[in-house]
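Protein chains: 2
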Amino acid sequence: MTTVQDYMTTLGRQARQASKALAKANTGMKNQALLAMAQVIDDQRETLKQANQRDLAAGRAKGLEPAMLDRLELTDARIDTMIEGLHQVAGLADPVGGITDLEFRPSGIQVGKMRVPLGVIGIIYESRPNVTVEAASLCIKSGNAVILRGGSESIESNQALAACIHAGLDQAQLPGTVVQVVETTDREAVGALITMPDYVDVIVPRGGKALIERISQDARVPVIKHLDGICHVYIDDDADVAKAIPIAINAKTHRYGVCNAMETLLVAQSRAAEMLPELARAFADKGVELRGCDRTAELIDCVPATEADWTTEYLAPVLAIRVVAGLDEAIDHINTYSSQHTDSIVTENYTRGRRFLTEVDSASVMINASTRFADGFEYGLGAEIGISTDKIHARGPVGLIGLTSQKYVVLGDGQIRE
Amino acid sequence: MTTVQDYMTTLGRQARQASKALAKANTGMKNQALLAMAQVIDDQRETLKQANQRDLAAGRAKGLEPAMLDRLELTDARIDTMIEGLHQVAGLADPVGGITDLEFRPSGIQVGKMRVPLGVIGIIYESRPNVTVEAASLCIKSGNAVILRGGSESIESNQALAACIHAGLDQAQLPGTVVQVVETTDREAVGALITMPDYVDVIVPRGGKALIERISQDARVPVIKHLDGICHVYIDDDADVAKAIPIAINAKTHRYGVCNAMETLLVAQSRAAEMLPELARAFADKGVELRGCDRTAELIDCVPATEADWTTEYLAPVLAIRVVAGLDEAIDHINTYSSQHTDSIVTENYTRGRRFLTEVDSASVMINASTRFADGFEYGLGAEIGISTDKIHARGPVGLIGLTSQKYVVLGDGQIRE
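First to last, the protein sequences are chains A and B.
Counting from 0, one number per residue, gives the positions in the first sequence under numbering that gives the first Met the number 0.
Counting from 0, one number per residue, gives the positions in the second sequence under numbering that gives the first Met the number 0.
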């Protein structure tokens with residue numbers, strides 16, 4: 000009997016092999032595979048929905064929460080979105096093979112950098128089956144083989160999607176092992192996947208903080224991830240009220256359960272009396288609970304904020320508010336409590352805006368824009384495999400470029416070192 | 000009594016704090032610090048040499064090998080090189096703060112990327128004290144605080160150099176904690192340094208393979224490293240003999256103990272009878288031992304090569320030689336046995352050169368150039384902190400850019416997400 004470890008090693012070996020074939024595939028072949036997948040998914044709607052129904056039935060029987068069942072469901076609209084996503088990724092520029100900065104050196108050699116796939120990506124995610132197609136498409140386009148490990152609740156849906164993906168790869172004469180969906184729901188598979196540096200080059204975990212923390216802790220390969228999205232908006236002394244109010248409202252209330260939503264609002268003391276009552280009314284209309292510092296509590300009704308509020312990602316209609324003396328205190332607060340995801344200043348002041356951009360050490364820093372813009376589509380990456388709050392390799396939304404690296408190319412004419 | 004762990008945590012906390020001050024420092028201040036250090040080192044030559052003499056005496060008493068004692072010694076020439084290195088790094092362009100790709104998005108926001116320091120770098124190295132100054136200078140210029148852990152044999156020299164570095168930082172009004180040299184020779188300090196993700200963002204180990212392997216295994220933060228330099232030269236069917244012979248000789252014999260020296264020579268079968276006898280004579284003149292495959296042994300005198308020879312980094316006058324059918328077999332051999340450091344093809348054939356660049360998955364791929372060119376200075380990086388054979392973040396020689404990352408900057412005019 001094969002152990003889970005053996006099974007994962009086999010997937011790993013196959014992925015490494017497939018990554019070599021894929022690295023050689025040209026853009027046309029990769030796009031052909033993506034468009035063929037879109038067509039097969041369209042043709043196989045009923046099969047996909049039947050497989051998904053089996054997952055939903057099992058989920059209901061297990062007593063999964065309604066929110067989880069909702070994420071799990073494959074509706075026609077969601078299938079349309081998947082198909083559209085495949086067309087979009089096919090339409091993105093191929094990052095692989097591009098050579099930049101090719102310049103002559105004094106020795107006569109030319110030195111440049113060529114963009115190349117990372118190799119094999121391991122993706123670990125929870126119940127949403129559309130991630131299977133989204134992640135596979137980004138990996139294929141960036142020339143990487145991928146091993147996908149979805150949640151056990153979506154196993155039937157994922158296997159059905161895998162069949163469509165394989166049909167598409169086959170039509171483009173690419174090996175099916177370019178995209179492998181783990182067929183066991185055994186948790187040991189995750190442990191194996193994140194500890195095979197010979198076969199897996201990077202892990203991208205998508206899901207709740209607990210999952211990502213556990214994976215980062217145990218992984219023996221690099222992990223592209225963010226744990227928290229504790230994002231701030233700072234309303235500066237020189238903020239334009241006509242920008243500050245809509246940005247603060249939008250950053251908090253546009254969607255609550257997302258990592259780029261604002262969790263703490265900082266307001267310069269000189270503007271607090273003017274802004275906070277108006278903001279409090281707007282947040283009350285939206286049903287947002289406010290937790291304020293002492294100075295905030297002098298101006299509006301709010302729950303007293305505790306130290307824990309500065310480090311909590313509510314992902315809910317709750318907002319922490321702090322009045323600060325000015326920019327220095329705002330930057331200190333952010334660099335102390337922020338999860339280095341996305342932070343925004345609202346100001347008309349050139350020097351303070353410039354300082355905020357330079358001194359706030361977060362993956363995305365903004366002036367006069369809602370933190371909700373921190374997103375692969377909004378940034379023009381076309382799509383994102385995830386968002387990174389780490390400092391090496393990639394920060395912020397990670398698209399095709401983040402799934403590649405650069406190697407040096409040297410073009411000589413017989414040069415030797417003297 | 001402070002434990003080693005407490006001591007290292009203190010260094011870590013201080014480094015994190017210092018990194019914030021340094022990130023704000025402008026180019027002029029950083030260059031001033033580097034040039035002041037150069038001046039202090041020049042003024043303190045005698046003190047430095049006395050400290051070094053104490054290390055050398057202790058080393059001799061401990062029975063260190065002559066090669067080790069040589070690496071440890073600080074001569075006037077080596078001090079001159081350090082001073083020159085500081086001037087060179089001061090002369091390099093400052094990578095920090097540069098904004099690229101700033102473009103308008105349909106929403107009206109502008110999105111670009113700003114180059115930023117990684118934060119705190121931990122460097123672990125062996126006996127050469129000049130690494131102390133070299134590494135410190137690259138970290139300062141790239142805006143990173145650094146914790147340096149040199150070999151216990153060079154502790155006196157490193158402390159004396161640290162005093163010069165601190166005097167230089169002081170003159171530029173930068174905190175001395177920007178560069179901290181670990182004062183204990185306790186090995187536990189290394190273990191602590193590589194497991195403080197809150198205080199250290201990346202580790203760069205420099206030294207022997209055993210040291211680097213151990214660090215990579217135990218580190219809880221990203222490591223920029225290479226383990227082996229098993230570099231190849233492939234002499235293709237269409238090689239120009241006037242380039243092939245000098246490149247093969249230079250790649251092997253220019254220096255033996257370096258990571259970018261050729262360890263295996265691959266020769267296309269169609270050229271073996273012509274090239275190998277001439278190469279064998281040249282290598283014999285240099286005293287290089289040849290270990291050949293069966294087909295090689297039919298053409299020249301050599302030791303029979305075993306499987307182990309394809310995976311050995313000799314760092315010595317020994318060369319493995321294999322005759323291959325052609326490009327496909329050469330690429331297969333390289334992608335199987337290479338350490339993904341540096342590999343070169345000698346050919347006049349356009350298509351095979353193009354394929355080699357694309358299909359060989361190594362940090363540096365070359366056409367018609369000696370592998371010895373894989374070096375930060377030769378590539379125009381100005382200097383290198385190390386060479387990476389990893390795939391994420393940085394591949395190949397790592398200079399100032401490799402010690403930085405990019406964050407997103409978003410410039411808006413009050414935009415909110417609809």
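C-beta atoms are modelled at their ideal positions from N, C-alpha and C, and glycine is treated no differently.
Short CB-CB distance (under 8 Å) between residue i and chain B
i, result
"Ile498(A)", "Chain A is shown from 0 up to 417; residue 498(A) falls before or after that span and cannot be answered."
"Ile400(A)", "no"
"Tyr407(A)", "yes"
"Leu356(A)", "yes"
"Ser106(A)", "yes"
"Asp200(A)", "yes"
"Lys48(A)", "no"
"Gly190(A)", "no"
"Leu63(A)", "no"
"Ser369(A)", "yes"
One or two residues paired with residue i in a DSSP bridge
i, result
"Phe282(A)", "Bridge partners of Phe282(A): none, in fact."
"Ser363(B)", "Tyr407(A), Thr341(B)"
"Ala144(B)", "Val119(B)"
"Arg416(A)", "Answer is none; Arg416(A) lacks a bridge partner."
"Arg127(A)", "DSSP lists no partner for Arg127(A)."
"Gly102(B)", "It should be pointed out that residue 102(B) corresponds to Glu in this sequence rather than to Gly. Its beta-bridge partners are Val110(B)."
"Ala368(B)", "Gln414(A)"
"Gly379(A)", "According to DSSP, which records beta bridges pairwise, Gly379(A) is partnered with nothing at all."
"Ile386(A)", "Pro396(A)"
Counted within 10 angstroms of its Cβ, other Cβ atoms place residue i as buried (16 or more) or exposed
i, result
"Val302(B)", "exposed"
"Glu155(A)", "buried"
"Gly207(B)", "exposed"
"Ala307(B)", "exposed"
"Val240(B)", "exposed"
"Glu297(B)", "exposed"
"Gly107(B)", "exposed"
"Ala17(B)", "buried"
"Pro174(A)", "buried"
"Pro128(B)", "buried"
"Glu187(B)", "exposed"
"Glu83(B)", "exposed"
"Asp200(B)", "buried"
"Tyr124(A)", "buried"
"Gly142(A)", "buried"
"Arg59(A)", "exposed"
"Asn259(A)", "buried"
Closer than 8 Å to chain A by CB, residue i
i, result
"Asp327(B)", "no"
"Asn249(B)", "yes"
"Tyr378(B)", "yes"
"Pro221(B)", "yes"
"Met274(B)", "no"
"Val110(B)", "yes"
"Ala14(B)", "no"
"Leu314(B)", "no"
Contact belief for residue i with residue j at Cβ below 8 Å, rounded distance in angstroms
i, j, result
"Leu91(B)", "Lys61(B)", "Contact doesn't hold; Cβ gap of about 38 Å is too wide."
"Glu152(B)", "Ser126(B)", "5 Å"
"Gly381(B)", "Leu402(B)", "With a Cβ gap of about 12 Å, Gly381(B) and Leu402(B) do not count as contacting."
"Arg416(B)", "His253(A)", "5 Å"
"Asp227(A)", "His340(A)", "7 Å"
"Asn367(B)", "Val345(B)", "6 Å"
"Arg219(A)", "Pro245(A)", "Contact flag wrong, Cβ pair sits at about 46 Å."
"Ser337(A)", "Ile229(A)", "6 Å"
"Ser404(A)", "Ile391(B)", "6 Å"
"Ala329(B)", "Val323(B)", "5 Å"
"Glu358(A)", "Lys23(B)", "6 Å"
"Val266(A)", "Glu288(A)", "In fact, because the Cβ distance is near 17 Å, the residues do not count as touching under 8 Å."
"Val178(B)", "Val130(B)", "In fact, because the Cβ distance is near 13 Å, the residues do not count as touching under 8 Å."
Contact with chain C by residue i, beta-carbon distance below 8 Å
i, result
"Lys242(B)", "Looking at the structure shown, chain C is missing, and the protein chains on hand are A and B."
Can you check the segment 152–220 of chain A for any alpha helix (DSSP H) of at least 4 residues that lies completely inside it and give the ranges in chain order?
-> 154–170, 187–192, 208–217
Report the residue ranges of all alpha helix (DSSP H) runs contained in full by the segment 212–267 of chain A; include only those spanning at least 4 residues, in chain order.
-> 240–252
Which full runs of the alpha helix (DSSP H) of 4+ residues lie inside the segment 20–48 of chain A, going along the chain?
-> Within the segment 20–48 of chain A, the complete alpha helix (DSSP H) runs of at least 4 residues are 26–42.
Return the chain-ordered ranges of every beta strand (DSSP E) run that is complete within the segment 274–334 of chain A and spans a minimum of 3 residues.
-> 288–291, 317–323
Return the chain-ordered ranges of every beta strand (DSSP E) run that is complete within the segment 46–93 of chain B and spans a minimum of 3 residues.
-> The qualifying runs do not exist here; there are none.
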